[in-house]
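Q: One structure, as structure tokens, below. Some questions next.
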Amino acid sequence: MILTQFDKMIKVVRTDNGLEFLSEQCQSFFLTKGIIHHKTCPYSPQQNGVVERKHKHLLQIARALMFQSTIPSKLWTEAILTATFIVNRLPTSVLQWKSPYEVLYNKPVDYSVLKVFGWLAFATNLQPHKSKFAKRAHRCIFVGYAPGQKGVSIKNSHATVDSGSMPIPDPLPEDSYISTPTTNEVLASMVSPGPTSSDTSASSPVHTDSSSPVHTLRRSTRVVTKPSWLSDFVCSATSPSSSSFLNYAEANTADEWRLAMKAELAALEDNNTWEVVPLPQGTNAIGCRWVYKLKLLADGSVDRYKARLVAKGYSQVEGIDYNECFSPVAKVVTVRLFLVISAIFNWHIHQLDVNNAFLHGYLDEDIFMEAPEGFHVPTVETRLLSVYKHSGYDFLVLLLYVDDILLARSSTDMITEVKVFLDKLFTIKDLGTAKYFLGLEIARSSQGIILTQAKYTKDIVLDVGLEHACSTTTPLPPGIKFSCDAGARLNSPESYRRLVGRLLYLNFTRPDISHATQQLSQFLQLPCQQHWDAALHLVRYLKGSLNKGLFYSAHSPLTLKAYSDADWASCVDSRRSLTGYCIFLGGSLVSWKTKKQNMVSRSTAESEYRSMDTTVCELTWIVYLLRDFGVQIPTPIPFLCDNQAALYIVANPVFHERTKHLEIDCHLVRDKFREGLIAPLHVSSRDQLADIFTKPLVSPLFLSLLSKLALIDFVANPACEGVVRTHGAQKEHQG
């Protein structure tokens, strides 16, 4: 831009040691343009004093803008950009009392475009086919100027709108009798969900001068949602290619997305996905749409721009338009066992991705689809396709999750042969050594494998806006009890559902939040303020434990051990008990669960016995799965429970008055005991590891049990795929 617009060459750029400047993409840009990159010494801001001082200047103005307008802190980036816009138009003695804008563009500054930051604004309602009584404008606030457009930025509860036709009202005179709404009132629906009703307390009357208008101010009680982040403070428009688009019209303006759509259409045609035919009489054509996704690497850098054409299958009726369809998906426990076995046997793990996986197959029925945008044909016939895989003759483990594949083998030669074979059948992408699979970060060294979701955890904390909040030492407040009627309902339950859904996926590698996520997921339909506060408490706990991950030791013995526990009648609403269990392969935690039992138990012994039944089912399946891996587990397997009465029921099949109502399927525990699969043992409550999955514990007990789950803090070295363990040493589990 500098070269094109001002005929000037940038020769040297001086920065600090921020990762954004040291990234491969940035360094490649400097090298391509012949720019020398100077870096300051660590902790030496004085070596780049001009920029550091300007940062301070911009922050001071931004703070003043935010305090004056009383906007929430989530809009700090808009305040920074507005401050930059203003500073660039202020005269300075360095430029002989000219502004940077005037010197750069050689024309005077038009100060009439300046507006009051945070002031009330209205955006014209451009929705087509609106009713005669629909709103003609949406109430918004002014949050800055739109770079690259002839307009300004205004924000409502849904989005930021850039338009030059938006009417911005002038500030009201001080003697006006109309009270201007505060910014907090305009933004009432923009922040995180709060209660629909709250108790109001009477306040003492305040005597004011009747000649001055009264501006009622209130502090919002809602939690700020995800702020929009800036990588650095610049006065430039965000590139449209750096974000995901919602529609074809916007995506078609960026070269990266156009290339992605072109590649998708080419793949569809190469695989003979459709043929152009007239629509038969009496049939309906389903619609389609483009879905855009920015694929990121584990370090947050851009991997590729992905555009996918999807048919609107929800408009079809099962049994009429289509029959049963299925995509192979590996269970979560299978993925963990796959990694544990690979660590113990020192197998190489490689990752593949099948391009356009659903196109490598055929369906019996014909499906007629409307032409996609960018493909100028009136009617297109398409077939939705499925995946199949080929098994080799030698022993090689292939883990398949729809179109993501992991291959494990002691020798890379066999892995290479399978890659070549699969590439002949499909178009695959060889991703090399597995490092980032299904959002899971995989780090490996000679000591073992660490499985974590550190980047995903950080995104959750940033999304809620609690990156500066104090962390907690437990996922939930100790002793907390949840109920359906826990106070005022949330205005926007969608935010709660989205947060809990993300936390549930984080449970993949974080057994320490299993109980908390199970409790919160019970109230997705009608969440209350208590549930939202508890969810935020959990996020604060995650903030203090971002780098925790599961450690799978390469030296673990091939032995299983199971812990089973129950919290009797813990549900306040239904009085059902809570089941919790965890299963170890050697010292590696491979399976755990927190689940409410499906019926009420009459005693603690009954609830513990039902929990043992659930644990035995999982343990039996794991034994069968390990046999498929070629691993024979020694039996009987230690099965630890802290309830003596439940252990007596397992060992003594004699009729008991208090247990005659138990279902027959619960006595699977007895059968497995007689078969010699399990060896029920008693463990003290303080050493019951499954206790962490059934109730919110006090901090000392929680941290004591957590240290025994092979969940450790770590620092990964991407260059050598090494792992440095900072604390949380591996411990043996004594029965």
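Numbering (UniProt numbering), first residue to last: 1 to 735.
Even glycine gets a Cβ: it sits at the ideal position worked out from N, Cα and C.
Leaving aside the five residues before and after ILE460 along the sequence, list all residues of the same chain whose C-beta is less than 8 Å from its C-beta, in chain order.
A: To locate residue 460, count along the sequence shown from 1; it is residue 460. Cβ within range, chain order: LEU499, ARG502, LEU503, LEU506, VAL539 and LEU542.
Q: At 3 residues or longer, what runs of the beta strand (DSSP E) sit wholly inside the stretch 563-632?
A: If we require 3 residues or more, the beta strand (DSSP E) runs fully inside the stretch 563-632 come out as 578-585 and 588-596.
Q: Do the CB positions of ALA690 and SER564 come within less than 8 Å of each other?
A: Working through the sequence shown from its first residue, we reach residue 690 at position 690. Working through the sequence shown from its first residue, we reach residue 564 at position 564. Going by C-beta atoms, ALA690 is nearer than 8 Å to SER564.
Q: Determine the direct distance from the alpha carbon of ILE637 to that of LEU677, and round the result to whole angstroms.
A: In the sequence shown, the residue the question calls residue 677 occupies position 677. In the sequence shown, the residue the question calls residue 637 occupies position 637. Between LEU677 and ILE637, the C-alpha separation is close to 6 Å.
Q: Helix, strand or coil for MET66? Go by DSSP, reduced to three states.
A: By one-based count along the sequence shown, residue 66 stands at place 66. Three-state result, MET66: helix.
Q: Need the endpoints of the alpha helix (DSSP H) that LEU81 sits in, please.
A: In the sequence shown, counting from the first residue as 1, residue 81 sits at position 81. 76-87 is the extent of the alpha helix (DSSP H) around LEU81.
Q: Can you confirm whether the stretch 118-132 touches the stretch 41-59 when touching is taken to mean that 3 or more C-beta pairs between the two stretches lie within less than 8 Å?
A: No: the two stretches stay apart, fewer than three of their Cβ pairs being nearer than 8 Å.
Q: Where does PHE426 sit, in a helix, a strand or coil, going by DSSP?
A: Start at 1 with the first residue of the sequence shown, and residue 426 comes out as number 426. If DSSP states are grouped into helix, strand and coil, PHE426 belongs with coil.
Q: What number of angstroms, rounded off, separates the C-alpha of GLN696 from the C-alpha of VAL420?
A: Your numbering for residue 696 matches position 696 in the sequence shown. Your numbering for residue 420 matches position 420 in the sequence shown. Note on residue identity: the sequence assigns Pro, not Gln, to residue 696. Those two C-alpha atoms are separated by around 51 Å.
Q: Who are the Cβ neighbours of SER410 in its own chain at under 8 Å, not counting the five residues just before and after it?
A: Position 410 of the sequence shown, counted from the first residue, corresponds to residue 410. If we look at SER410 and ignore the five residues flanking it on each side, its Cβ neighbours are PHE345, ASN346, TRP347 and HIS348.
Q: DSSP three-state call for ILE61: helix, strand or coil?
A: Taking the first residue of the sequence shown as position 1, residue 61 is located at position 61. DSSP places ILE61 in helix when its eight states are reduced to three.
Q: Residues in the same chain with beta-carbon distance under 6 Å from LEU706, minus the five sequence neighbours each way, listed in chain order, please.
A: The residue given as residue 706 occupies position 706 in the sequence shown. For LEU706, where only same-chain residues beyond five positions count, the Cβ hits under 6 Å are ASP512.
Q: HIS38 by DSSP, collapsed to three states: which one?
A: Residue numbering aside, residue 38 sits at position 38 when the sequence shown is read from its first letter. Strand at HIS38.
Q: TYR552 and LEU451 look like a contact to me (Cβ under 8 Å); what is the Cβ gap, rounded to whole Å?
A: Your numbering for residue 552 matches position 552 in the sequence shown. Your numbering for residue 451 matches position 451 in the sequence shown. Confirmed, Cβ separation roughly 7 Å.
Q: So the candidates are TYR105, GLN522 and GLN47; which of them puts its Cα closest to the Cα of ILE2?
A: Working through the sequence shown from its first residue, we reach residue 2 at position 2. Comparing Cα-Cα distances from ILE2 to each of TYR105, GLN522 and GLN47, the minimum goes to TYR105.
Q: How about the stretch 526-534 and the stretch 603-618: do they share at least three Cβ pairs that are nearer than 8 Å?
A: Too few Cβ pairs lie closer than 8 Å, so no.
Q: Using a Cβ-Cβ distance under 8 Å, would CYS617 count as near chain C?
A: Judged by its chain identifiers, the structure shown contains no chain C, having just a single protein chain.
Q: Assign LYS54 to one of three DSSP states: helix, strand, or coil.
A: Along the sequence shown, one-based indexing puts residue 54 at 54. Reduced to three states, the DSSP call for LYS54 is helix.
Q: Are the beta-carbon atoms belonging to SER592 and TYR581 less than 8 Å from one another?
A: The residue you call residue 592 lines up with position 592 of the sequence shown. The residue you call residue 581 lines up with position 581 of the sequence shown. The sequence shown places Trp at residue 592, rather than the Ser named in the question. Going by C-beta atoms, TRP592 is nearer than 8 Å to TYR581.
Q: In angstroms, rounded to a whole number, what distance separates the CA positions of GLY287 and LEU309?
A: Working through the sequence shown from its first residue, we reach residue 287 at position 287. Working through the sequence shown from its first residue, we reach residue 309 at position 309. If you take the alpha carbons of GLY287 and LEU309, they lie about 11 Å apart.
Q: For MET1, report the span of its alpha helix (DSSP H) as first-last.
A: Within the sequence shown, numbered from 1, the residue matching residue 1 stands at position 1. Element bounds for MET1: n/a, residue is neither H nor E.
Q: With GLN530 as the anchor, note down where its beta strand (DSSP E) starts and where it stops.
A: On the sequence shown, residue 530 is found 530 positions in, with the first residue counted as 1. Careful: GLN530 lies outside any beta strand (DSSP E), inside the alpha helix (DSSP H) at 529-543.
Q: Three-state secondary structure (DSSP) at MET9?
A: On the sequence shown, position 9 is the one that residue 9 refers to. The answer is coil: DSSP assigns MET9 none of H, G, I, E or B.
Q: Taking the straight line between their C-alpha atoms, what separation do you get for THR15 and LEU81?
A: For this step, residue 15 is matched to residue 15 along the sequence shown. For this step, residue 81 is matched to residue 81 along the sequence shown. Approximately 20 Å between the Cα atoms of the pair.
Q: Thinking ILE415 and PHE629 are a contact (beta carbons under 8 Å), I'd like their distance in whole angstroms, please.
A: Here the question's residue 415 lines up with position 415 in the sequence shown. Here the question's residue 629 lines up with position 629 in the sequence shown. ILE415 to PHE629, Cβ: 16 Å. No contact.
Q: Between the Cα of GLU441 and those of ALA330, ASP110, PRO128 and PHE714, spot the shortest distance and give me the residue it belongs to.
A: By one-based count along the sequence shown, residue 441 stands at place 441. Closest by alpha carbon: PHE714.
Q: Taking just the CA atoms, how far does GLN453 sit from TYR624?
A: If you number the sequence shown from 1, residue 624 lands on position 624. If you number the sequence shown from 1, residue 453 lands on position 453. Straight-line Cα distance between these residues: approximately 28 Å.
Q: Within 10 Å of its beta-carbon, does HIS515 have 16 or more other beta-carbons around it, so buried, or fewer, so exposed?
A: Counted from its first residue, the sequence shown places residue 515 at position 515. By the 10 Å Cβ count, HIS515 comes out buried.
Q: Looking at TYR305 and LEU294, is the spacing between their C-beta atoms short of 8 Å?
A: Position 294 of the sequence shown, counted from the start, is the residue given in the question as residue 294. Position 305 of the sequence shown, counted from the start, is the residue given in the question as residue 305. Yes, Cβ-Cβ distance for LEU294 and TYR305 is below 8 Å.
Q: What would DSSP say about ILE637, mapped onto helix, strand or coil?
A: Taking the sequence shown and counting its residues from 1, the one referred to as residue 637 is at position 637. Residue state, collapsed to three classes: strand.
Q: Classify GLU618: buried if its beta carbon has 16 or more other beta carbons within 10 angstroms, exposed otherwise.
A: Taking the sequence shown and counting its residues from 1, one reaches residue 618 at position 618. GLU618 should be labelled buried.
Q: Using DSSP's beta-bridge definition, name the partner residues of LEU310.
A: Walking along the sequence shown from the start, residue 310 turns up at place 310. Reading off the sequence, residue 310 comes out as Val, not Leu. Per DSSP, ARG289.
Q: So, with DSSP's three-state summary, where would you put GLN127?
A: Taking the sequence shown and counting its residues from 1, the one referred to as residue 127 is at position 127. Residue state, collapsed to three classes: coil.
Q: May I have the straight-line CA-CA distance separating THR474 from LEU589, to the nearest angstrom?
A: For the purposes of this step, residue 474 is identified with residue 474 of the sequence shown, where counting begins at 1. For the purposes of this step, residue 589 is identified with residue 589 of the sequence shown, where counting begins at 1. Rounded to the nearest angstrom, the two C-alpha atoms are 20 Å apart.
Q: So, for VAL683: in the same chain, excluding its five sequence neighbours on each side, which residues have a beta-carbon less than 8 Å away from its beta-carbon?
A: Position 683 of the sequence shown holds residue 683. If we look at VAL683 and ignore the five residues flanking it on each side, its Cβ neighbours are TYR563, LEU640, CYS641, ASP642 and GLY735.
Q: Which parts of the stretch 408-496 are runs of the beta strand (DSSP E), unbroken and 3 residues or longer, counting only runs that do not cross its ends?
A: Fully enclosed beta strand (DSSP E) runs of 3 or longer: 428-433, 440-445 and 448-452.
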